[in-house]
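Notes follow once the structure below has been shown.
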Amino acid sequence: MRTGPGSARETSGTGLPPPAERGATVIPDRVVARIATQAARTAQSRRAAVPPERGGPTAPSATAAVRTGSVRLHLALDLPYPTDIPHVCERIRRDVAERVAQLTGLRVGEITLTVRRLVTAAEAGRGRVR
């Protein structure tokens, strides 16, 4: 079968089939989780004034479930005490959703955020002593 100009089977100047026929890019769950972890770390330091340093709060963790172009995320992180927990959590959720969507092209459907612990200023300044 021969295709004419303007047909759906027309190839680009590179000899490749049209983009819709080439397939899809699949981003594994663990890659999306790593992106979300980094985004959460950035948001945690910016929104909750938690410096990403040793001896303070532990690093955020994330899991991701990618299904049909969208992703569900679960984040776990530490927050400083005292803080406005609902406000800070909402801002972190928004920052992580925007960054994950920007880097992966996936729609972030749901983010569950768990606050592992509240870290006082005394705890954050106290490192490991030998």
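Sequential numbering from 1 applies to the sequence shown in full-length UniProt numbering. Glycine is no exception: its CB is placed at the ideal position from the N, C-alpha and C atoms.
Secondary structure of residue i, DSSP reduced to three states
i: V26; result: coil
i: L17; result: This sequence places Pro at residue 17; Leu is not what is there. Coil at P17, not helix or strand.
i: A49; result: coil
Bridge partners - residue i, DSSP secondary structure assignment
i: E110; result: R72
i: L118; result: L79
Distance between residue j and residue i (C-alpha atoms, nearest Å)
i: S70; j: G109; result: 6 Å
i: V88; j: R47; result: 6 Å
i: A20; j: R30; result: 26 Å
i: T114; j: R99; result: 19 Å
i: A43; j: V119; result: 16 Å
i: M1; j: A76; result: Low confidence applies here, because M1 scores a pLDDT of 47, under 50, leaving its location unreliable; read the following figure in that light. When rounded, the distance between both Cα atoms is 56 Å.
Residue i CB to nearest heavy atom of the ligand ATP below 8 Å
i: A43; result: Absence of the ligand ATP is noted for the structure shown, with no ligands found whatsoever.
Q: Note down, one range per segment and in chain order, each beta strand (DSSP E) of at least 3 residues found wholly within the stretch 56-99.
A: The qualifying runs are 61-67, 70-80.
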